[in-house]
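Peer 1:
There are 2 protein chains.
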Amino acid sequence: MSQATSRPLILVTNDDGIAAPGIRNLVESIADLGDVVVVAPDSHQSGMGHAITISNILRMSPHDFGMAGVEAYTTSGTPVDCVKLAIYKILKRKPDVLLSGINHGSNASINVIYSGTMSAAVEGALEGIPSVGFSLCDFAEDADFRTSRNVARTVTKEVLAHGTPKGTCLNVNIPKVAPEDLKGMKVCRQGAGHWADSFEERQAPGGRTYYWMTGNFTDVDKGEDTDEWALKNGYVSVVPVQYDLTAHHAMTELNEWELRLED
Amino acid sequence: MSQATSRPLILVTNDDGIAAPGIRNLVESIADLGDVVVVAPDSHQSGMGHAITISNILRMSPHDFGMAGVEAYTTSGTPVDCVKLAIYKILKRKPDVLLSGINHGSNASINVIYSGTMSAAVEGALEGIPSVGFSLCDFAEDADFRTSRNVARTVTKEVLAHGTPKGTCLNVNIPKVAPEDLKGMKVCRQGAGHWADSFEERQAPGGRTYYWMTGNFTDVDKGEDTDEWALKNGYVSVVPVQYDLTAHHAMTELNEWELRLED
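Protein sequence lines, in the order shown, are assigned to chains A and B.
Under our numbering, the first residue of the first sequence carries the number 49, and numbering increases by one thereafter.
Under our numbering, the first residue of the second sequence carries the number 49, and numbering increases by one thereafter.
#1: Is the beta carbon of residue 162 of chain A sitting closer than 8 Å to the one on residue 105 of chain B?
#2: Residue 180 of chain A and residue 199 of chain A - do their beta-carbons sit closer together than 8 Å?
#3: For residue 93 of chain A, count the other beta carbons within 10 Å of its own beta carbon; 16 or more makes it buried, fewer makes it exposed. Which is it?
#4: Is residue 160 of chain A close to chain B? Criterion is C-beta to C-beta, closer than 8 Å.
#5: What's the call for residue 59 of chain A, buried or exposed, on a 16-neighbour Cβ count within 10 Å?
#6: Please confirm whether residue 147 of chain A and residue 204 of chain A have their CB atoms less than 8 Å apart.
#7: I'd like the ranges of any beta strand (DSSP E) spanning at least 3 consecutive residues and lying wholly in the segment 262 to 308 of chain A.
#8: Starting from the C-beta of residue 131 of chain B, find all residues in its chain whose C-beta is less than 8 Å away, skip the five residues before and the five after it, and write them out in chain order.
#9: By DSSP, does residue 234 of chain A sit in helix, in strand, or in coil?
#10: For residue 119 of chain A, would you say it is in contact with chain B, using Cβ-to-Cβ distances shorter than 8 Å as the test?
#11: Find the residues of chain B that neighbour residue 247 of chain A, judging by a C-beta separation of less than 9 Å, and give them in chain order.
#12: On the three-state DSSP scale, how would you describe residue 49 of chain B?
#13: Compile a chain-ordered list of the residues in the segment 259 to 285 of chain B whose CB is closer than 7 Å to at least one CB of chain A.
#14: Report the CB separation of residue 286 of chain A from residue 279 of chain B in whole angstroms; it is logged as a contact under 8 Å.
#15: Does any residue of chain B bring its CB to less than 8 Å from the CB of residue 146 of chain A?
#16: Taking C-beta pairs closer than 7 Å, name the residues in chain A that residue 298 of chain B reaches, listed in chain order.
#17: Is there a Cβ from chain B that is less than 8 Å from the Cβ of residue 92 of chain A?
#18: For residue 50 of chain B and residue 194 of chain B, I'd like the C-alpha separation in whole angstroms.
#19: Check whether the segment 73 to 92 of chain A and the segment 111 to 129 of chain A are in contact - that is, three or more C-beta pairs closer than 8 Å.
#20: I need the DSSP call for residue 115 of chain B, collapsed to helix, strand or coil.
#21: Would DSSP call residue 109 of chain B helix, strand or coil?
#22: Less than 8 Å between the C-beta atoms of residue 73 of chain B and residue 150 of chain B, yes or no?
#23: Would you say residue 61 of chain B faces chain A, with C-beta separation under 8 Å as the test?
#24: Measure the C-alpha to C-alpha separation of residue 274 of chain B and residue 77 of chain A and round it to an integer number of angstroms.
#25: Less than 8 Å between the CB atoms is what I'm expecting for residue 233 of chain B and residue 291 of chain B, so what's the real figure, rounded?
#26: Between which two residues does the beta strand (DSSP E) carrying residue 178 of chain B extend?
#27: Any heavy atom of the ligand ATP closer than 7 Å to the beta-carbon of residue 106 of chain B?
#28: Look at the Cβ atom of residue 295 of chain A, then the Cβ atom of residue 289 of chain B, and state whether they are nearer than 8 Å.
#29: Please compile the residues from chain B whose C-beta is within a distance smaller than 8 Å of the C-beta of residue 199 of chain A.
#30: Quick one: which chain A residues come within Cβ less than 7 Å of residue 242 of chain B?
#31: Tell me, to the nearest whole angstrom, how far the beta carbon of residue 221 of chain A is from that of residue 166 of chain A; I am working on the premise that it is less than 8 Å.
#32: Looking at chain A, is there any beta carbon in it that lies within less than 8 Å of the beta carbon of residue 49 of chain B?
#33: With 8 Å set as the bound, which would you pick, yes or no: does the beta-carbon of residue 77 of chain A sit closer than that to a beta-carbon of chain B?
#34: Enumerated in chain order, which unbroken segments of the beta strand (DSSP E) with a length of 3 residues or greater are wholly contained in the segment 54 to 132 of chain B?
#35: In chain B, which residues lie less than 7 Å from residue 167 of chain A when you measure between Cβ atoms?
In structure tokens, the structure reads:
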């Protein structure tokens, strides 16, 4: 069994589900770098953020991924559930690296907080595993993953060599460009951005109202050191993401408040 | 209709669902401070993190909250869906403050990233609304909310007076103590902590295997400036939470990597 060897153990997950082209391209691009175990949702789990399944049951089954040497499992859970099941139930040892993706669609800017892809990477980092989420800025089912494969392989080799900075995982987004048009890779900060949502109202057969959420992303950040700037200018963006959410700079201001309780 | 007056507009949501005692205690404790609109999930949504409903439909209905002057709606969605529906579909103007909770159970330390309560507050902050999540360190359905009510009222008055620091919302956790035993309130950082999970394996009628996630929280942080320290020592913890997840301190280290693509 592959998990028993001394090669690096690479845990792979995603949020588009195990049948998505993105995860297959990811596994193919790094399969020779270690022993690969895939633990992925059995269906689409986009927009699940850091959701975990605590009020319902989970299912988990071995899965034939169709690649020699690649062990795979599907679960009924979210991307974060997949990481927890992998670490605490499936794997015999701690993975050397966790890779999530390749997501069909951007997780740059504020999208990072809604992203199941990135939440899986954050969960890996919390467990002390060097973790990376990859996302291609193309929602198409038949997107061209050539550039992404090259990026995933390069970043994975660096992470296997260096680990990741303490308390972080990496959010890697890849622009929709052919390999020959890629300008390079840039370490960036998360650009400020915002979704203006709207809800499309429809009537079900029988007349009951329901809604579909839609939205438009607005990039409000004029900086040239952001992930959005890099992607618009033909670069891969690499953002170190932390799970200490404390706004340390805001603590002084809050300490000036009158936080005294009424009797 | 209450939304048309010039009193502060207070949006209230939670993740335990509209029938939970926590949200009723929250509304009762602040109802006289403004016009209150409740938009909350129609069922338990604990552990949903920043999940949004983009692959399925949403339902939303007016709800009789049973309190004079309080307008209320339930939705089939997550806490973050509730905030988006409130802002983009239900409310006629932007709320002056968003309050989430009072959660039945702690959202201190790393729990903040799994928390639907706190994700609703983060979503409010993203929309430019001063936002606070309240959580009581007691899971019991019949928990004593007297201390929490006092805290919620005090903090809400301060937030109505000052707003919140730019780019943040507040994570307020309340220890399980009687009002007379509360030591005070402390501005804190998010303590480092970790869940060691396990999966209890069971057989469904018919024999198919399923799992329940369980876990033990470990507080690994020895600091006396953390939320966990404050709660253990009888204080309310107030942590400013940000949604810029960039680990700015890690960018220098990453810029030393060889992020050059292979040909």
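Idealized CB from N, CA, C, for every residue including glycine.
Note that this is a predicted model, so its numbers are computed, not measured.
Peer 2: On the basis of the supplied data:
#1: no
#2: Taking the C-beta atoms as reference points, residue 180 of chain A is found no nearer than 8 Å to residue 199 of chain A.
#3: buried
#4: yes
#5: buried
#6: Contact: yes.
#7: DSSP runs (the beta strand (DSSP E)) wholly in the segment 262 to 308 of chain A: 283 to 290.
#8: Result list for residue 131 of chain B: 59, 61, 87, 146, 168, 171, 172 and 175, in chain order.
#9: strand
#10: Not an interface residue.
#11: 106, 108, 132, 133, 136 and 137
#12: Reliability of the predicted coordinates at residue 49 of chain B is poor, the pLDDT of 43 falling under 50, and no value is obtained from them.
#13: 259, 260 and 261
#14: About 36 Å separates the CB atoms of residue 286 of chain A and residue 279 of chain B; that is not less than 8 Å, and the two are not in contact.
#15: no
#16: Within 7 Å Cβ-Cβ: 213, 216 and 288.
#17: Look at residue 92 of chain A: its C-beta is under 8 Å from a C-beta on chain B.
#18: Its pLDDT being 49, under 50, residue 50 of chain B is placed unreliably by the model, and the measurement read from it follows with that caveat. The straight-line gap separating the alpha-carbon atoms of residue 50 of chain B and residue 194 of chain B is approximately 27 Å.
#19: yes
#20: coil
#21: strand
#22: yes
#23: no
#24: 42 Å
#25: That belief does not hold up - the Cβ atoms of residue 233 of chain B and residue 291 of chain B are roughly 23 Å apart, past 8 Å.
#26: Taken as a continuous stretch (DSSP letters only), residue 178 of chain B belongs to no beta strand (DSSP E), as it is neither H nor E.
#27: Ligands displayed in this structure: none; no statement on the ligand ATP is therefore possible.
#28: yes
#29: 309
#30: 174
#31: In fact, because the Cβ distance is near 10 Å, the residues do not count as touching under 8 Å.
#32: Residue placement at residue 49 of chain B is poorly supported in this model, since its pLDDT is 43, which falls under 50; the coordinates are not used for a value here.
#33: No, residue 77 of chain A lies away from the interface with chain B (no Cβ there is under 8 Å from its Cβ).
#34: 57 to 61, 83 to 89, 108 to 110 and 119 to 123
#35: 97
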